[in-house]
Structure formats: structure tokens, C-alpha cells
Amino acid sequence: MALTLTCPVCGKRNGYEFRYGGEDKGPRPAEEGMTPSAWCDYVHMNKCTAGVQKEWWFHRDGCGAWFTTYRDTVANLEVDAPEVTE
Amino acid sequence: MAEIRRESPVDFGVRSLETEVRSDWPVALAYDAEGDGPWVVDLSHKTRWDLQDGQVGELTPAGQSVPATPGMSVLADGILINRMNRTQTSIYHLGSDAPDLPDHPGFTDVTEATIFLALFGPHALHIAEKLSNLDLGDPNKEAPFLLQGPFCHVPCQIVTLEKDAEDGTNGAGGFVLTCSRGYAQSMVHAILDAGAEFGLRPAGEQRFAQWLAALSS
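Those protein sequences? They're chains A and B, same order as listed.
Here the first sequence is numbered in the numbering used here, starting from 1 and rising by one per residue.
Here the second sequence is numbered in the numbering used here, starting from 1001 and rising by one per residue.
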């Protein structure tokens, strides 16, 4: 089964229409007190989750929107957002 | 002063019956034996603008409002405005003349960067089904509406102007599409090949103008 992704503008589309934008690492860290090491970690280090992770995608061949979605990296399928567990 | 001559990259492989030069573009007005449809028309000479702005929904290009929702289009006074995403809109001047490009820095004239084709008449949407996974006759949408995605595997903007003919004939509507200029030859070859079984013929601008007038009335 090929990957399909749900663009917020165009709806469900073939995964080949999209460009991967990397893991969603949350907001950019504050400049104040930033060390080169912390910035390097933010930019270059990834969790490489084997399971569900939140990712950025770009609808390259479509509307040009950037959006986040959840993907099961083991099955390579888009999934619903996981339930938050405290 | 150098003479300017603009050339559409679209070549149907047949000579037009009647041509005129308009704003330095040679425009094919009619072709021999256009038949009863479906038809494909080269509209690459029609002015097309791209508009980008963080508040694009509040702008009024050429005096028209921009649709609020991405994927929506509005056709009025020969101007087709398509909301592409949160910040971007495409504007096609389907009528005869376009005004000068507005001073707003968000406008870009993309007429010479892209090709512009119209495919309409009996079985037009059936031809499209052979070339794209996109649903140009989406029952959940009201024409005109914008689709952005692959057509012949080429990223395109496609606007369905009519889903069905006035007599209710399914698949007898029509659409316009734009894509990068470099794909013109391959795109036309694929469309003519896919439409051969339905009798697809090249037609001139006059045929498109008749269809547009019928849509607007």
C-alpha cells in the first residue's frame, strides 16, 4: 500500500505529491541563553521514532501548503493523532 | 525599435484557419474541421497573474473579491479568480483584454511562464479521467472550483468551469489548466492521444469564447 497523506487544502492525495519536511520538533528555542550545542541539537538531531511521530510535509505538486501530520514510520501509513497520556 | 513576437509553446500540429496578432501573440481564432467536440484550445496568450499576500483574502484584484476558502474559484466579467492556499491566489483573464498589472508588490505576471489550455465539450471530463486521478467532476463541489495536482504526472492548476453540459450530459463539461511552459509539447501530445477515441480536435479562441459566453449567461 502506497503512502497517502491528507493535505488540509486538497484532501487525501498520493504521497508522491508531497515533500517530507522532517520531524516536528516543536517551536524554535528561545535565543536568550542559547548555546551552539543546543542549537545544533535542535537543527540536526532527530528522534527517528519507530512508530507514530509528528512530521512536517509540503504539498509540492499541489497547493504549496506546509502542514503537520502523524505517520506510523514502521507501517509507513498516515495515522490519527495519538491520544495524550499523562 | 525591436519588434516583439511572443510564441505559445503549444503546437497542435495543424495549421489554424484564421489567426490574428494580439499584444504580440499570434492567436488562432479557428481551425479547419473543428467538429462537434470535444475541443482543446490554446489560451496561452490570455493574461494570468499570481498574487501572494498574507492578507490575500482582503484584496480585490481587478475589482473582484478573492474567494475565502482555498480550492474555491469565482468567475465574473471574464475574470477567473482561484484561491490556492492561505496566502496565494491565481487570476486568469479569460476575456479579451487584461488591465495593467497593479502596483501592489504581491502581483506577478506569469503569462509567459506557463501554458494555458481549455478542454471542453462532450466527453471532456472522460478524457481527463484517463490522464489524472483528480476528480474534476467532484459531486461535493460546485463549479467553478480549483484543483491543484498532477495531470499527465505534471503539477497543474486545473479549474473545472462546468461539470456537465446544459442538457445534463454527464462528462460534457469542461475545464482550463495551466502548468509550466516546458511541459507544453508533452502535455498536448498526451491530451490529443487520450482524446483521439472521443474525437478530440483543436479549436480556436472563438470556440472558447462561445463556451465562456454560455457559461456566463
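By construction, the Cβ of each residue, glycine as well, lies at the ideal position given by its N, Cα and C atoms.
Only counting the same chain, and skipping five residues up and downstream in sequence, which positions put a Cβ closer than 8 Å to that of B:G1054? T1087
So, are the CB atoms of A:V9 and B:G1057 less than 8 Å apart? no
Indicate whether A:L5 and A:R13 have their beta-carbon atoms separated by less than 8 Å. yes
Quick check: what's the CA-CA separation for B:I1191 versus A:A38? 54 Å
Sub-8 Å separation of B:L1215 and B:L1177 beta-carbons: no
Output the distance between the C-alpha atoms of B:V1110 and B:R1005, rounded to the nearest integer angstrom. 17 Å
When you compare the CB of A:G64 with every CB in chain B, is at least one pair closer than 8 Å? yes
What runs of the beta strand (DSSP E), each 3 residues or longer, lie entirely inside the region 28-59 of chain A? 52-58
Using a Cβ-Cβ cut-off of 6 Å (strictly less than) and excluding sequence neighbours within five positions of B:G1000, which residues of its own chain qualify? Residue numbering for chain B in the displayed model covers 1001 to 1217; residue 1000 of chain B lies beyond these limits and cannot be assessed.
Check the C-beta distance from B:V1041 over to B:E1205 and give it rounded, since I have them as a contact under 8 Å. 7 Å
Mapping DSSP to helix, strand and coil, what is B:Q1206? helix
Pull the bridge partners of B:T1019 from the DSSP assignment, please. B:A1028
Between the Cα of B:T1060 and those of B:R1015, B:I1081 and B:E1003, spot the shortest distance and give me the residue it belongs to. B:I1081
Residues in the same chain with beta-carbon distance under 7 Å from A:F18, minus the five sequence neighbours each way, listed in chain order, please. L5, W57, F58, H59 and R60
Partner residues on chain B for A:R13, Cβ-Cβ distance less than 8 Å: G1149
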